[in-house]
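In what follows, a structure is listed as structure tokens, so that the remarks can point back to it.
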Amino acid sequence: MMAKTRIWSFLILTWFMWVYNGRADVCNSPLGLENGTLRNDQFSASSTYNSNYLPHAARLNSGGDGWIASVYDSYQHLIIDLEGYWNITGFAVQGSTNGWFTRELRISYSDDNMVWYPYNSHLSDDVLGEVMAANEQYNEIKRIQLDPTIK
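According to mature numbering (1 follows the signal peptide of the UniProt record, and there is no 0), the sequence shown holds residues -24 to -1, 1 to 127 in order.
The following block contains the structure:
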């Protein structure tokens, strides 16, 4: 029997990120994207500009240039396999030091990597998922609270 996992897909072009959870016993604590608890092989992407911008470079404060897609369109995405179920209460995105950043993004999540659910807050019912504002400038860290949380 295959274990069920929670997988995130982010439709963005370049970024660093930090995801935190809202479990009652560990409220708003990081899930390990920044500190390396999540392994590099848990990150994948639709495309990569070159070997300097691999998916696992999307970690917040990694000191590198983040993940950058090889194609500039709205179909590029980053997938992070969290290998388990978490209550996701928010996340943070960061532009790179080389001047690249993401102005907006959408989130989708899945239990099986086949059926994807778009995320919408209480203020949105977009069938593709709510468009969320991200960075306004490079190297800025933008924290985004999720309401409702992703369970």
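Yeah, the Cβ is synthetic: ideal placement off N, Cα and C, and Gly gets one too. Just so we're clear, the structure is a prediction, and the values are computed from it rather than from any experiment.
Residue from the options with nearest C-alpha to residue i
| i | options | result |
| --- | --- | --- |
| residue 61 | 50, 121, 7, 27 | 7 |
| residue 26 | 19, 14, 45, 16 | 45 |
| residue 36 | 67, 75, 23 | 67 |
| residue 65 | 13, 52, 97 | 97 |
| residue 21 | 12, 53, 11 | 53 |
| residue 40 | 50, 28, 121 | 28 |
With 16 other Cβ atoms within 10 Å as the buried cut-off, status of residue i
| i | result |
| --- | --- |
| residue 118 | buried |
| residue 42 | buried |
| residue 82 | buried |
| residue 69 | buried |
Distance cut-off 7 Å: residue i Cβ against heavy atoms of the ligand HEM
| i | result |
| --- | --- |
| residue 103 | The ligand HEM is absent from the structure shown, which contains no ligands of any kind. |
Same chain, Cβ closer than 6 Å to residue i, neighbours up to 5 away in sequence not counted
| i | result |
| --- | --- |
| residue 94 | 84, 104, 105 |
| residue 100 | 106 |
| residue 73 | 115 |
| residue 19 | 31, 32, 56 |
| residue 14 | 8 |
| residue 16 | 32 |
Nonlocal neighbours in the same chain, by C-beta distance under 7 Å from residue i, ignoring five residues either side
| i | result |
| --- | --- |
| residue 113 | 71, 77 |
| residue 51 | 22 |
8 Å CB neighbourhood of residue i in its chain, flanking five on each side removed
| i | result |
| --- | --- |
| residue 24 | 30, 31, 43, 44, 45, 46 |
| residue 79 | 109, 110, 111, 112 |
| residue 75 | 114 |
| residue 123 | 97, 98 |
| residue 11 | none |
| residue 121 | 65, 66 |
| residue 128 | Missing from the structure shown is residue 128; the chain here goes from -24 to 127 and no further. |
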